[in-house]
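Worksheet: the structure to be examined is printed underneath.
Protein chains in written order, with our numbering: chain A, 15 to 125; chain B, 10 to 123.
In structure tokens, the structure reads:
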């Protein structure tokens, strides 16, 4: 099955700086790569996703890049704000309804 | 539009008992997936239902089962509960429209087995 590795496990950044989270996947057939943000006591919230026919996607301060050859994808958050503090999960999927998740990255934005 | 709702939000059960969790998807969504989230194993896929049919199942024992009703609402059942079943159980719904397969999660049901 698909195996997704996510790094780093924790990330502390100064407010206004950028944060980068990296994931690798094992199944070359995977073609859908969403990112989720989970705040304490809540379910994961979809923040951005990318499909294998696209190399980069941006939504305001959030961007995701995908390198299919190397089988890795990354989340970039620019101009971080305190409300960006949360746990972030990457995921990969071939059958879109079966997501394989990374272990998560706890992001702390220091004011 | 209302999001995914899950009931109950919290549940405490004793080893050996069974439990049923409920999920109501976003209106118009026909696919419901279930995931288990634990600190040790992270988020793991349990199963997915579409139009009342289970289409895929993760690597969980047969004690974990589910079903989906004609209105797309779904339930999952865990029988003969073990301490290791303590987890946050998340349900996600998807519209399954042409080329749009985003999954939206509910707040989860926190199950504690004592």
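Think of the CB as a built atom: it goes at the ideal place given N, C-alpha and C, for glycine as much as any other residue.
For residue 106 of chain A, the CB contacts under 6 Å within the same chain, skipping 5 residues up- and downstream, are 16, 18, 39, 44, 47 and 114 in chain order. Excluding sequence positions up to five before and after residue 60 of chain A, its CB lies within less than 7 Å of the CB of 48 and 50, all in the same chain and listed in chain order. The three-state reading of DSSP puts residue 25 of chain A in strand, counting E and B together.
The beta carbon of residue 65 of chain A lies closer than 7 Å to those of 45 and 46 in the same chain, with the five residues before and after it left out. Straight-line measurement puts the Cα of residue 124 of chain A at about 10 Å from the Cα of residue 97 of chain A. Looking at A:83, A:68, A:84 and A:85, the one whose alpha-carbon comes closest to that of residue 77 of chain A is A:68. Taking the CA atoms as reference points, residue 101 of chain A sits about 21 Å from residue 80 of chain A.
Nearest neighbour of residue 118 of chain A by Cα position, chosen from A:93, A:35 and A:108, turns out to be A:35. Judged by beta-carbon spacing, residue 112 of chain A lies beyond the 8 Å limit of residue 86 of chain B, meaning their Cβ atoms are not closer than that value.
For residue 98 of chain A, no beta strand (DSSP E) segment is defined, and its DSSP state is neither H nor E. Judged by DSSP secondary structure, residue 58 of chain B falls within the beta strand (DSSP E) whose first and last residues are 51-59.
For the region 67-106 of chain B, the full-length beta strand (DSSP E) segments reaching 3 residues or more read 73-77, 83-87 and 96-103 along the chain. Interface annotation for the region 90-123 of chain B against chain A: 99, 103, 110, 111, 112, 113, 114, 115, 116 and 117, criterion Cβ-Cβ distance under 7 Å. For a cut-off of 8 Å, the C-beta gap from residue 122 of chain B to residue 99 of chain B is around 17 Å, too long to register as a contact. Rounded to the nearest whole angstrom, the C-alpha separation of residue 21 of chain B and residue 72 of chain B is 18 Å. Residues of chain A whose Cβ lies closer than 8 Å to the Cβ of residue 80 of chain B do not exist, since the nearest Cβ in that chain is about 19 Å away. Pairing residue 86 of chain A with residue 37 of chain A gives a Cβ-Cβ distance under 8 Å.
Contacts between residue 72 of chain A and chain B, judged by CB atoms closer than 7 Å, are missing: the closest CB pair is about 17 Å apart.
For residue 70 of chain A, the enclosing beta strand (DSSP E) begins and ends at 70-73. A Cβ-Cβ contact shorter than 8 Å links residue 43 of chain B with residue 56 of chain B. Taking 8 Å as the cut-off, the Cβ atoms of residue 32 of chain B and residue 93 of chain B do not count as close.
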